[in-house]
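Visitor: Below you'll find the structure I mean.
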Amino acid sequence: MTTLVFGHKSPDTDSTGSPIIWAWYLNEVKGGNAEAVLLGEPNTEAAFMLEKWDLPKPRIIEGVEAGQPVVIVDTNNPAELPDAVNDADIKAIIDHHKLVGGLETKGPIDIRIEPLACTATIMHKMIGDDMAQAPAWVKGAMLSCILSDTLEFRSPTTTQEDRAIAEALAADLGVEIPAYASEMFAAKSDVSAFSDAELLRMDSKEYEVGGKKFRVSVLETTSPETVLSRKDSLMETMPTVAEEDGVDQVLLFIVDILNEESTMLLPNDLTRQVAEKSFATVCGDGDTVVLPGVVSRKKQIIPNLAV
């Protein structure tokens, strides 16, 4: 039976590229039978990566059958995976997030979780000498994933390993990192085709703190004013998305990649309370607050959330 390789729902560049990379490795190096799939439409930056490296978009699946062999990448959180994931036959997990718990396996499995900025960085290390036979599109996907997750090395999650591997891949491919990263971020910043609800769910994770459930949404952009121009309608849509998704509140952070800061929307008293308690700031009466230096949901936003 074919092994399905997938990342989290609302797939970003890493959750789109890493399944493609690992399916290639399982098929071409290990002689297996694997297929990269997605749990939703890739975001605009991930779609740019697919086009740039001439990669077909993996098919999108709604769920997994009982006993289906799967490899999970870029997450270990059941909330970000198909509802019946524990009925599948989980063969491996490759991730760079904190261990959440809740996944069940049929037997012992391979697990690789490292405190690196990107799943593709871990995969590069795992593939090792076999990277010599990797085609350009595998290396291009890896480079794209690392530049995306590190915000071109601006994110505090960036390690020397992430940077060194990205620079080596770029040199091998003849790619200038600043120019390529600018193309990626420009693609990520083009959100004109998405509804407010789609934007609120595009790059989001569920998180519970202090008895409150949040959908923590991040929009990384080089053009924050484009998103902020939709501020009023985004805030009007937040209660609907929260109700439909079974959470108490949507928290939206608009990350300004170039200025390395976030703007958090403050539609109500709960979001003001969260902002002030989490980020040692004073919100006043405005409906936004700027958080200097805050660019990483994994390292700076979620670990600090308080109510």
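Residues in the sequence shown are numbered from 1 upward in steps of one, following UniProt numbering. Heads up, the beta-carbon is just placed ideally off N, CA and C, and yes, glycines get one too.
How many Å lie between residue 278 and residue 83 at the Cα?
Guide: Distance between the alpha carbons of residue 278 and residue 83 is about 31 Å.
Visitor: Under DSSP, the beta strand (DSSP E) around residue 264 begins and ends at which residues?
Guide: It spans 261-265 - the beta strand (DSSP E) in which residue 264 sits, taken as one unbroken run.
Visitor: Where does the unbroken beta strand (DSSP E) through residue 185 begin, and where does it stop?
Guide: Looking at the DSSP string, residue 185 is not in any beta strand (DSSP E); the run it does join, the alpha helix (DSSP H), is 177-189.
Visitor: Compare the C-alpha of residue 252 against each of 150, 241, 246, 26 and name the closest.
Guide: Nearest of 150, 241, 246, 26 to residue 252, Cα basis: 241.
Visitor: Ignore the nearest five residues each way along the sequence and tell me which others in residue 100's own chain have a CB closer than 7 Å to its CB.
Guide: Excluding positions up to five away in sequence, the list reads 76, 77.
Visitor: Apply the 10 Å Cβ neighbour rule to residue 11 and answer buried if 16 or more other Cβ atoms are within range, or exposed otherwise.
Guide: Flag for residue 11 reads buried.
Visitor: For residue 59, which residues in the same chain have their Cβ closer than 7 Å to its Cβ, ignoring the five residues on either side in sequence?
Guide: Closer than 7 Å at Cβ, skipping near neighbours: 37.
Visitor: Out of 307, 298, 299, 272, which has the shortest C-alpha to C-alpha gap to residue 290?
Guide: The residue with the shortest Cα to Cα distance from residue 290 is 272.
Visitor: Can you have a look at residue 282 and say buried or exposed, based on whether 16 or more other CB atoms are within 10 angstroms of its CB?
Guide: When all chains shown are included, residue 282 counts as exposed.
Visitor: Check residue 41 in the structure and name its three-state DSSP category.
Guide: It is coil, neither helix nor strand.
Visitor: Residue 159 by DSSP, collapsed to three states: which one?
Guide: Note: residue 159 maps to coil in three-state DSSP.
Visitor: Residues bridged to residue 215 by DSSP?
Guide: For residue 215, which the question treats as bridged, DSSP gives the partners 206, 250.
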